[in-house]
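Chemist:
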C-alpha cells in the first residue's frame, strides 16, 4: 500500500518525531524551511499545542497574528534532525542570545512543563527543596 501511495504522490510522507514530513523521491526534506512546511501541506502529528493554529484562541490570534502559529513546528521530525541538520535550532539559539545579550541560550525541546520545572530548580538552587502541583512524587529535593 505504501508503494502505491508513494507512486501516486512521487514522495513519501512519514511520521518522524511529531510531524508528517514530505520527503522527495531522491531523499531529503522538500520543506524549504520552517515557514514553508505548513504551506507545503505537512500535516501535524504533534501535541495539541503545535497544530499550526488550529484551535487557537481567537483573542490570542488577534494579538499575535496567524503567522506565529503557522510556523510553530517541533524542532525534530522535519525542521532539524540528525539525518539532515540545517543547524536550525542551533542558529535560533544563537540569534536569541544576541537579542538578549547573553553568552548562550538553550531552547527546551521537552515541553513547557519541563521548562518551568528547570527554571524553578535553577532559582531554588541545590540546597532548597522544590514543589510543584501534581502527585506526591513531583518533588525534587537535594540528596
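Residue numbers (our numbering): 69 to 211.
Cβ coordinates follow ideal geometry from the N, Cα and C atoms, glycine included.
Values in this document were obtained by computation on a predicted structure and should not be read as measured data.
With a 10 Å radius around its C-beta and 16 neighbouring C-beta atoms as the bar for buried, classify residue 174 as buried or exposed.
Modeler: exposed
Chemist: Distance check for residue 125 and residue 133, CA to CA, integer angstroms please.
Modeler: 11 Å
Chemist: Verify the CB distance criterion: does residue 158 have a CB-CB separation below 8 Å to chain D?
Modeler: Here chain D cannot be found, since the structure has a single protein chain.
Chemist: How about residue 165 and residue 158: are their beta carbons less than 8 Å apart?
Modeler: no
Chemist: If you follow the alpha helix (DSSP H) that residue 160 is part of, which residue opens it and which one closes it?
Modeler: 156-167
Chemist: Given a cut-off of 8 Å, decide if residue 186 and residue 176 are closer than it, judged by their beta-carbon atoms.
Modeler: Taking 8 Å as the Cβ cut-off, residue 176 and residue 186 qualify as a contacting pair.
Chemist: Which residues in the same chain as residue 192 place their Cβ atom closer than 7 Å to its Cβ, once the five residues preceding and following it in sequence are excluded?
Modeler: 198
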